[in-house]
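Structure, as structure tokens:
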């Protein structure tokens, strides 16, 4: 029995061209009734697709029409249904961010990769970090800091010299970006159930922006982050190329 597939694509020309060819060949079922959602694009588009379809139980199979494609599979038009039937599934849980802004508003968002705080002015940010309501670092002077999931540990976190986390490890990476004081602080590993809070010190003089993946909150006073185990994202990978294998392989690149 043929699979019902739903195709979505980024705005890139190569992705749009592939979309037309795939739909002509396999059809295009509604996402709500599809057996799998096929995302044509890069890692950024994969994150967009996972966020926009998180209300559905349907797994997402990415085909790389972007650059790095860490969350994507190799693009090919043939044997797509067989690849999906044989695919390995990774189930990941996002982080839930609540950002408290200077204008009195609260902004909530989910992050599959990481929640990051970045200085928004010429001066370094000053952050106080609490874990489970206990102050762990009274003042971190830095360009920014982030909390990354295992799935996101090879992205921004790795670029900031944070550790790569095994996909099955129930830990989060707390990583500083260009830490000035304490100069030698290199971050921390926290249990996945931890509640992490960043308080922005001197927010008017040293404004800070927070982002959950691509959802941004400006002029934040504080940011609280917890894991969201009730939200599941299902990603499909070709056999032998699953997320766990990719995370291990990345450490030997």
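In full-length UniProt numbering, the protein residues as written are 1 to 253. Idealized CB from N, CA, C, for every residue including glycine.
Taking a C-beta distance under 8 Å as the contact criterion, residue 115 and residue 223 qualify as a contact pair. If you draw a straight line from the Cα of residue 40 to the Cα of residue 97, it comes to about 28 Å.
In the assembly as shown, residue 119 is a buried residue. Its beta-carbon has 16 or more other beta-carbons within 10 Å. By the Cβ test, the region 74–84 is in contact with the region 16–29, since at least three Cβ pairs between them sit closer than 8 Å. CA-CA distance, residue 55 to residue 183, rounds to 43 Å. Nearest neighbour of residue 25 by Cα position, chosen from 35, 12, 7, 13, turns out to be 7. Boundaries of the beta strand (DSSP E) harbouring residue 136: 134–142, taken from the DSSP string. Under the 8 Å Cβ criterion, the region 206–218 does not count as touching the region 233–242, having fewer than three qualifying pairs. DSSP, reduced to helix, strand and coil, places residue 63 within a strand of the structure shown.
In this structure the region 120–133 does not touch the region 159–169; the number of beta carbon pairs closer than 8 Å is below three. For the 8 Å CB-CB criterion, residue 220 and residue 101 form a contact.
Between the alpha carbons of residue 149 and residue 165 lies a distance of about 8 Å. Residue 3 and residue 81 have their C-alpha atoms spaced approximately 7 Å apart. According to the DSSP assignment, residue 235 belongs to no alpha helix (DSSP H) but to the beta strand (DSSP E) extending over 233–237.
Going by beta carbons, residue 179 and residue 162 fall outside the 8 Å limit. Short of 7 Å from the beta carbon of residue 29, and not among the five residues preceding or following it, lie these beta carbons of its own chain, in chain order: 4, 5, 6. Looking at the backbone, the Cα of residue 135 and that of residue 142 are separated by about 17 Å.
Residue 15: member of the alpha helix (DSSP H) spanning 13–26, first to last residue. Comparing alpha-carbon positions, the option among 206, 204, 225 lying closest to residue 146 turns out to be 225.
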